[in-house]
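Taking it in order: structure first as structure tokens, then the write-up.
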Amino acid sequence: NNSLFTGILKPWKGILMFGPPGTGKTMLAKAVATECQTTFFNISASSVVSKWRGDSEKLVRVLFELARYHAPSTIFLDELEASIILNTAFFIYGGEHEGSRRMKTELLIQMDGLAKGNEHVFLLGASNLPWDLDVAMLRRLEKRILIDLPDKDSRKTIFQSLLPADMIDDSDVRVVGDLDYEALASLTKGYSGSDINLVCREAAMRPLRKIFDKLEAVSNKQIEASVSTASVLDYIQNETGGTEIARDAISQHDVVEAIRTTNPTCDVSLEKKYQDWQKSFSSV
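The numbering of the sequence shown is UniProt numbering, which starts it at 1 and goes up by one.
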């Protein structure tokens, strides 16, 4: 209802989500668009950057025209620092690269147009390096929200979701029912949701590697690459005198070993840098 938002009471047109990689910023943006039932434009730097002179500005302009045409819509600019960044990679002979400057100017103009008009177009930006963003861009992204690493309770929930006690999937991956999710959450302090997903995948691979080890121990005979998994297991049973070889369930030890061999992508110093930037620039 546009009549509710007049004068100084204007709705926010831009939000920046910043934080460590793998914390779910892209997923949150998609959830916002789905919840609000808007057309979703997922844009990365490669979508709007062109080597041809003037093409990048045209692509930015067409993007916003499409968003207005399909309004209500949400434009999501993923990895914003790749498009609008202030670092030495974008400077040549002491000046900002001309193509980057023109595209940035066009993007800022289009964002100003959203603020002045009544179009139902909402802009979401995500950045892993918010301190490298242009000040002019930060001014237009009126709300700046830290999407931080998951806390202990969140990490426990992620483990319970990825490795539930009653898990049996299409590939016959099973989980031992007595996993200590509390201990696993304590061991993964500083891990992102993506890191924990990688840990669980590594843990699921460990029982499969045991089968490969048994296969190598049975014989030095070559097994054709085209042989199916079922045929390979039959071959092992024949070579071992009919002994059944089944995939073990994922145990606590498997997950702990996976944690030991999988380091988090965000170190302590980088996490502190996000916290410091939040204190200076966040707007919730």
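The beta-carbon is built from N, C-alpha and C at its ideal position, and this holds for glycine as well.
Keep in mind the model is a prediction, meaning the values are calculated, not measured.
Where residue i falls, given that 16 or more other Cβ within 10 Å makes a residue buried
i: Y191; result: buried
i: P264; result: buried
i: C36; result: exposed
i: R101; result: exposed
i: S255; result: The residue asked about is misnamed: residue 255 is Val in this sequence, not Ser. The residue in question, V255, is buried, as its Cβ has 16 or more Cβ neighbours within 10 Å.
i: K104; result: buried
i: F159; result: buried
i: A31; result: exposed
i: F212; result: exposed
i: T34; result: exposed
i: E106; result: buried
i: L9; result: exposed
Terminal residues of the beta strand (DSSP E) in which residue i lies
i: R144; result: K143 to L146
i: T74; result: S73 to L77
Extent of the continuous alpha helix (DSSP H) run through residue i
i: I250; result: It is not in any alpha helix (DSSP H) - I250 carries neither H nor E in the DSSP assignment.
i: T157; result: K152 to L162
i: F41; result: Premise fails: F41 lies in the beta strand (DSSP E), T39 to I43, not in any alpha helix (DSSP H).
i: F281; result: V268 to F281
i: T26; result: K25 to C36
i: Y69; result: D55 to Y69
i: E182; result: Y181 to L187
i: V135; result: V135 to R140
Distance between beta carbons of residue j and residue i, contact taken as under 8 Å
i: V199; j: T188; result: 7 Å
i: F40; j: L138; result: Between L138 and F40 the Cβ distance is about 23 Å, and since that is not below 8 Å, they are no contact.
i: I75; j: L124; result: 7 Å
i: S73; j: V121; result: 5 Å
i: I80; j: L133; result: What sits at residue 80 in the sequence shown is Leu, not Ile. Indeed, because the Cβ distance is near 7 Å, the residues count as touching under 8 Å.
i: M208; j: R260; result: The sequence shown places Leu at residue 208, not Met. Not confirmed; about 18 Å, so no contact.
i: P150; j: G193; result: 6 Å
i: V173; j: I109; result: Going by Cβ atoms, the distance from V173 to I109 rounds to 52 Å, so no, they are not a contact pair.
i: L16; j: S127; result: 6 Å
i: K152; j: A204; result: In fact, because the Cβ distance is near 23 Å, the residues do not count as touching under 8 Å.
Bridge partner(s) assigned by DSSP for residue i
i: G113; result: Bridge partners of G113: none, in fact.
i: G14; result: L123
**Asked** Does the stretch 138-158 come close enough to the stretch 274-283 to have 3 or more Cβ pairs within less than 8 Å?
**Response** Yes: at least three Cβ pairs fall under 8 Å.
**Prompt:** Hey, is the stretch 59-66 in contact with the stretch 25-33, meaning 3+ C-beta pairs nearer than 8 Å?
**Reply:** Because the criterion of three Cβ pairs below 8 Å is not met, the stretch 59-66 and the stretch 25-33 do not touch.
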